[in-house]
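Residue numbers (our numbering), protein chains in the order written: chain A, 1 to 315; chain B, 1 to 231.
So the structure is just underneath, and the comments pick up after that.
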């Protein structure tokens, strides 16, 4: 293993170990926050595969997050499935929706791709509201505590919930770390850098981009399904445009095309809003100013800054 | 052997190539010489499937590559170094070469052979491509194309804008690639490059090959080439 590879494994393993250690020492409030942050960071990891590594800016990822969440939730509510099969249903829904959207949206590029993905997500959101008899529309529905027991583990228990969120996040993080070192991940980066050049070298760019959309959508759906199950609520808010913008901000702040960027960005933004809202009712103004400053002084994101200044080997 | 048989191609309504015919044999350098807008780069793009053909066909050792989608053409054995190099600037030299190597699943020996032509790249493996000098970028672009182990190499003005020492290094690598048996189709504007490298020269004008000449004849009397290029 190269020096960079060993250091990278040590760093990412260290981050996961730190998150595990925090489980034992954090006060209840921050413990709950961090569980939520890890699930949302998993969503951002999914987004990063498409935006950070492939260079495709989607404004419709809430569709995938909601596909996972509703795929899981509706399977429990209407088909009477247990949490395990319901999670699988959420993943399958994310995979199917991302494949369908990818096949159509990838016929466009650039701004048109952004708009098409946004429209897909809006159509999904409106469909959730329209089929309110099944989805309970804007109101959403709760998954009862008694239903959230997976393999004998009560996921509504804060400790179990934290560990389940950590397991999901670790899986996503290590999978990304593995992916970026594989030929598939390297070709995605080549496509991001110069799509035409990648095609001239003999790569089927469309197939690779479709693969990236499906992988990104499925990871996002896994996060959505886990969010619904761990926090016991499935709602249309998670399909709104706001939830398509969030992962973009998290990834931009943390560092697009870096493995740790999604966690750093999600953590930073979550606590920025949390802390500033405790100080002033104009907390979005504070958050906005800080975001502008970070964007100005670290345009490559916080992990990107680390990579540029300190650790060139950072994946 | 690469054959272009009566091909027509262009961009939308603008027809650039008209009934263009030529062939490039293994182990030779055929230079396409012509003024700006004559259709040299479009010929290369047509071979790579980046410009659709309106007529004719292109074959490589009997295989109709003009019927393949663009991404299958390099896998059929054609490497292309476009004008302007088009590297993956954010990636390192090693990563650029790896992407080339993976494209056709070439063995590591192919990379070694490419690096033997450009030993300077061995010292730059960890450096980002965009930080290389112009000459080194050209070397990397050629080495990456050679990682495909191509039967035919298309080079579009490979020495444009380079300093003399780099130009000589690139020319030496082109000659060595020919010696290894590759067919090379070269686009050049510089008369000295055309005369020093080419085995045959195809004079191209208005999208047609006017004549194909042995380079030796033009070396003895290069006024015809000068007239054709408008020098």
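Positions of the beta carbon are idealized from the N, C-alpha and C atoms, including for glycine.
**Request:** Check the DSSP bridge columns for residue 154/A and list the partner residues they point to.
**Result:** As a working note, residue 154/A is residue 154 in the first chain. Residue 154/A pairs with 149/A.
**Cβ shell of residue 161/A (< 7 Å), same chain only, five flanking positions each side left out** = Here residue 161/A refers to the residue found at position 161 when the first chain is read from its first residue. Contacts found: 35, 155 and 230.
**Request:** For residue 15/B, write down the residues that DSSP places opposite it in a beta bridge.
**Result:** Along the second chain, one-based indexing puts residue 15/B at 15. In DSSP, residue 15/B forms a bridge with 10/B.
**Asked** Mind pulling the chain B residues with CB within less than 8 Å of residue 6/A?
**Response** Residue 6/A sits at position 6 when you count from the first residue of the first chain. Those within 8 Å of residue 6/A in chain B number zero; the least Cβ separation is about 16 Å.
**Asked** Around the C-beta of residue 129/A, are 16 or more other C-beta atoms found within 10 angstroms, so that it is buried, or is it exposed?
**Response** In the first chain, counting from the first residue as 1, residue 129/A sits at position 129. With fewer than 16 other Cβ atoms within 10 Å, it is exposed.
**Prompt:** Excluding sequence positions up to five away, which residues of its chain have a Cβ less than 6 Å from the Cβ of residue 71/A?
**Reply:** Translated into the one-based positions of the first chain, residue 71/A becomes position 71. Answer for residue 71/A: 89, 90 and 93, listed in chain order.
**Request:** Using a Cβ cut-off of 9 Å, pull out every chain A residue sitting near residue 222/B, in sequence order please.
**Result:** Position 222 of the second chain holds residue 222/B. Correct list: empty, because the minimum Cβ distance to chain A is about 33 Å.
**Message:** Quick check: residue 45/A and residue 262/A, are their CB atoms within less than 9 Å of each other?
**Reply:** Counted from its first residue, the first chain places residue 45/A at position 45. Counted from its first residue, the first chain places residue 262/A at position 262. Against a cut-off of 9 Å, the Cβ pair of residue 262/A and residue 45/A comes out as a contact.
**Prompt:** CA-CA distance, residue 105/A and residue 114/A?
**Reply:** By one-based count along the first chain, residue 105/A stands at place 105. By one-based count along the first chain, residue 114/A stands at place 114. The straight-line gap from Cα to Cα measures roughly 9 Å.
**Item:** N- and C-terminal bounds of the beta strand (DSSP E) containing residue 212/B
**Value:** The residue you call residue 212/B lines up with position 212 of the second chain. Residue 212/B -> beta strand (DSSP E) spans 208-214.
**Request:** Kindly list the residues whose CB is nearer than 8 Å to the CB of residue 97/A, restricted to its own chain and excluding five residues on each side of it in sequence; keep chain order.
**Result:** Looking up residue 97/A in the first chain gives position 97. Same-chain partners within the cutoff: 63, 64, 67, 124, 217 and 221.
**Message:** I need the straight-line Cα distance from residue 172/A to residue 58/A, nearest angstrom please.
**Reply:** Along the first chain, read from residue 1 onward, the residue named residue 172/A stands at position 172. Along the first chain, read from residue 1 onward, the residue named residue 58/A stands at position 58. For residue 172/A and residue 58/A, the distance between alpha carbons rounds to 19 Å.
**Request:** Could you confirm whether any beta carbon from chain B is found closer than 9 Å to the beta carbon of residue 304/A?
**Result:** Within the first chain, residue 304/A is the residue found at index 304, counting from 1. With 9 Å as the cut-off, residue 304/A does not count as an interface residue toward chain B.
**Message:** Under 9 Å, Cβ to Cβ, is there at least one residue of chain A near residue 67/B?
**Reply:** Position 67 of the second chain, counting from 1, holds the residue named residue 67/B. Not an interface residue.
**Prompt:** How big is the Cα-Cα spacing for residue 208/A and residue 50/A?
**Reply:** Walking along the first chain from the start, residue 208/A turns up at place 208. Walking along the first chain from the start, residue 50/A turns up at place 50. The straight-line gap from Cα to Cα measures roughly 11 Å.
**Request:** Can you grab the Cα-Cα spacing for the pair residue 225/B / residue 62/B, in whole Å?
**Result:** Reading the second chain from its first residue, position 225 is the one you call residue 225/B. Reading the second chain from its first residue, position 62 is the one you call residue 62/B. When rounded, the distance between both Cα atoms is 32 Å.
**Message:** Does the beta-carbon of residue 297/A, which I'm using as the reference point, lie nearer than 8 Å to any heavy atom of the ligand MG?
**Reply:** Questions concerning the ligand MG fall outside what the structure shown contains, since it holds no ligand whatsoever.
**Prompt:** Does DSSP put residue 162/B in a helix, in a strand, or in coil?
**Reply:** Counting from one through the second chain, the residue named residue 162/B turns up at place 162. Residue 162/B: coil per DSSP, three-state reduction.
**Prompt:** Quick one: Cα of residue 99/A to Cα of residue 122/A, how far?
**Reply:** In the first chain, residue 99/A corresponds to position 99, counting from 1. In the first chain, residue 122/A corresponds to position 122, counting from 1. Those two C-alpha atoms are separated by around 17 Å.
**Request:** Assuming residue 218/B contacts residue 201/B (C-beta within less than 8 Å), just tell me the rounded distance between them.
**Result:** The sequence position of residue 218/B within the second chain is 218, counting from 1. The sequence position of residue 201/B within the second chain is 201, counting from 1. About 6 Å; that satisfies the 8 Å criterion.
**Prompt:** Considering only residues of the same chain and omitting the five flanking positions on each side of residue 185/B, which have a CB-CB separation below 6 Å?
**Reply:** Counted from its first residue, the second chain places residue 185/B at position 185. So the list reads 24, 30 and 154, once near-sequence residues are dropped.
**Asked** Using a beta-carbon distance below 9 Å, is residue 204/A in contact with chain B?
**Response** Here residue 204/A corresponds to residue number 204 of the first chain, with the count starting at 1. Yes, residue 204/A lies at the interface with chain B (some Cβ there is under 9 Å from its Cβ).
**Prompt:** Looking at residue 158/B and residue 130/B, is the spacing between their C-beta atoms short of 9 Å?
**Reply:** Locating residue 130/B in the second chain gives position 130, counting from the first residue. Locating residue 158/B in the second chain gives position 158, counting from the first residue. No, Cβ-Cβ distance for residue 130/B and residue 158/B is not below 9 Å.
**Prompt:** In this structure, does DSSP put residue 309/A in helix, strand or coil?
**Reply:** Along the first chain, read from residue 1 onward, the residue named residue 309/A stands at position 309. In this structure, residue 309/A counts as helix in the three-state DSSP scheme.
**Request:** Could you spell out where the beta strand (DSSP E) holding residue 183/B opens and where it closes?
**Result:** Residue 183/B sits at position 183 when you count from the first residue of the second chain. Per DSSP, residue 183/B belongs to the beta strand (DSSP E) from 183-187.
**Request:** Classify residue 233/A as helix, strand or coil using the three-state DSSP reduction.
**Result:** On the first chain, residue 233/A is found 233 positions in, with the first residue counted as 1. Looking at residue 233/A - three-state DSSP - the assignment turns out to be strand.
**Message:** Within a Cβ cutoff of 8 Å, which residues of the same chain sit near residue 116/B, ignoring the five residues on either side of it in sequence?
**Reply:** Taking the first residue of the second chain as position 1, residue 116/B is located at position 116. So the list is empty, once near-sequence residues are dropped.
**Item:** 9 Å Cβ cutoff, residue 83/A in contact with chain B
**Value:** Here residue 83/A corresponds to residue number 83 of the first chain, with the count starting at 1. Taking Cβ atoms only, chain B never reaches closer than 9 Å to residue 83/A, which makes this a no.
**Request:** Kindly identify the DSSP beta-bridge partner or partners of residue 235/B.
**Result:** Residue 235/B lies beyond the stretch modelled for chain B, which goes from 1 to 231, so this question has no answer here.
**Message:** Give the list of continuous alpha helix (DSSP H) stretches no shorter than 4 residues that lie fully inside the stretch 99-133 of chain A.
**Reply:** 111-130
**Message:** Determine whether the beta carbon atoms of residue 180/A and residue 198/A lie at a separation below 9 Å.
**Reply:** In the first chain, the residue the question calls residue 180/A occupies position 180. In the first chain, the residue the question calls residue 198/A occupies position 198. Taking 9 Å as the Cβ cut-off, residue 180/A and residue 198/A do not qualify as a contacting pair.
**Item:** Close beta carbons around residue 1/A, own chain, < 7 Å, minus the five adjacent residues each side
**Value:** As a working note, residue 1/A is residue 1 in the first chain. Here residue 1/A scores only 45 on pLDDT, less than 50, and its place in the model should not be relied on; the value that follows carries that caveat. Taken in chain order, the list of residues that qualify is empty.
**Prompt:** Taking Cβ-Cβ distances below 8 Å as the criterion, which residues of the stretch 79-90 of chain B are in contact with chain A?
**Reply:** 80, 82, 86, 87, 88, 89 and 90
**Prompt:** For chain A, is any of its Cβ atoms less than 9 Å away from the one on residue 122/B?
**Reply:** Looking up residue 122/B in the second chain gives position 122. Answer no: the Cβ-Cβ gap between residue 122/B and chain A never drops below 9 Å.
**Prompt:** Going by beta carbon distance, what residues of the same chain come within less than 6 Å of residue 108/A, once the five residues before and after it are set aside?
**Reply:** Taking the first residue of the first chain as 1, we reach residue 108/A at position 108. Cβ within range, chain order: 116.
**Prompt:** Got a sec: is the Cβ-Cβ distance from residue 315/A to anything in chain B below 9 Å?
**Reply:** Translated into positions along the first chain, residue 315/A becomes position 315. Not one chain B Cβ lies under 9 Å of residue 315/A.
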